[in-house]
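Worksheet: the structure to be examined is printed underneath.
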């Protein structure tokens, strides 16, 4: 197996925390990845994988187990797409933003709004990454999964991952285990062929972010450039010279709540309806029709509310820090917890706990962390 000398995880994670684990492996090929994980599972060792390290808060005590770095790369066009679309098979360790750049360079639409998101492609389906109304569930066809239970690699349709708002059966939500313990080896996306021509942009959330009307036509390159500019203004594009980017992106998820609860929040709190599944069509045979009948009730859609607004209106301004702490909110974006220089995981967790308690006290909502926490409690 490709075992290497362990290095501090603070060097491999964008939050810059974590001691060196007991054991570390680097997998640069699919065979190395499969062999390393099978060996670890056979030994019964505790484990986790690291791709880009952008969605991890790792504790200060050494992890007494094995860490596997997924360093596989590659983007390959594959057959199977309908007319006007192209399928790409992407290795799990492929840098996500390089994948988006590849798609834009080849005139392929569907993931452009996710430009600038740090991390690896294999991590994207785990929490159904998204931005400005685009999510990977919209383009994901299938993944190759290495299951811990069987040790085998199988091709799994996207529907079996149960992708939802920042979730899937593969994600270890805070305080719980994933419903399926497996590692993504590769993923296949199906993207629309836009070419270099200008097109109108679907999705009101993306148009609003870009300042477009429904009739405005723009190129993929223009959209990518604008998204990168927006994310950079928020400190969401990695920059070694900017401590605001020493983060895991949005630390807390925008909360999805019942509409009845959303009505208890101040009207000024930004919110977006989460459309329910449409009611099924009813077909009544003519011989059975006996006049008008009541229509089935349509469930009231859940509502996604802005956690950044809740944080700021609980008394936390951008740049907030606890006394003597080296952790703080980004000076550009209230959802990002940042390492201002030498902060421990304990300092970041202390700030996160304080924010959660205050928001809960003010609005009755317990914010959920988005990153995976290893050896850390909130």
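In the UniProt record's numbering, the protein residues as written are 1 to 378. Just so it is clear, CB atoms sit at the ideal spot from N, CA and C, and this is done for glycine as well.
Look at residue i and residue j and say whether their C-beta atoms are less than 7 Å apart.
i: residue 10; j: residue 25; result: no
i: residue 359; j: residue 310; result: yes
i: residue 344; j: residue 42; result: no
i: residue 8; j: residue 67; result: no
i: residue 324; j: residue 340; result: no
i: residue 81; j: residue 87; result: yes
i: residue 30; j: residue 185; result: yes
i: residue 336; j: residue 318; result: no
i: residue 332; j: residue 244; result: yes
i: residue 18; j: residue 46; result: no
At what residues does the beta strand (DSSP E) containing residue i begin and finish?
i: residue 302; result: 302-305
i: residue 184; result: 182-193
i: residue 48; result: 47-50
i: residue 85; result: 85-91
i: residue 328; result: 327-329
What number of angstroms, rounded off, separates the C-alpha of residue i from the C-alpha of residue j?
i: residue 129; j: residue 235; result: 18 Å
i: residue 365; j: residue 371; result: 18 Å
i: residue 132; j: residue 153; result: 33 Å
i: residue 251; j: residue 369; result: 6 Å
i: residue 268; j: residue 320; result: 22 Å
i: residue 6; j: residue 351; result: 29 Å
Quick check on residue i: does DSSP put it in helix, strand or coil?
i: residue 30; result: helix
i: residue 356; result: helix
i: residue 370; result: coil
i: residue 362; result: helix
i: residue 105; result: helix
i: residue 261; result: helix
i: residue 245; result: helix
i: residue 138; result: helix
i: residue 277; result: Annotation note: pLDDT 47 at residue 277 (below 50); position unreliable, coordinate value reported separately. Three-state result, residue 277: coil.
i: residue 348; result: helix
i: residue 236; result: coil
i: residue 147; result: strand
i: residue 5; result: coil
i: residue 130; result: strand
Taking the continuous alpha helix (DSSP H) assigned at residue i, which residues delimit it?
i: residue 67; result: That residue, residue 67, is in no alpha helix (DSSP H); its beta strand (DSSP E) goes 66-70.
i: residue 223; result: 220-233
i: residue 206; result: 204-210
Segment contact flag, the segment 146-154 with the segment 187-202, C-beta cutoff 8 Å, min 3 pairs:
no
Would you call the segment 236-244 and the segment 156-167 in contact, with 3 or more CB pairs under 8 Å?
no
With a threshold of 8 Å, are at least 3 pairs of Cβ atoms found where one atom belongs to the segment 222-229 and the other to the segment 100-117?
yes
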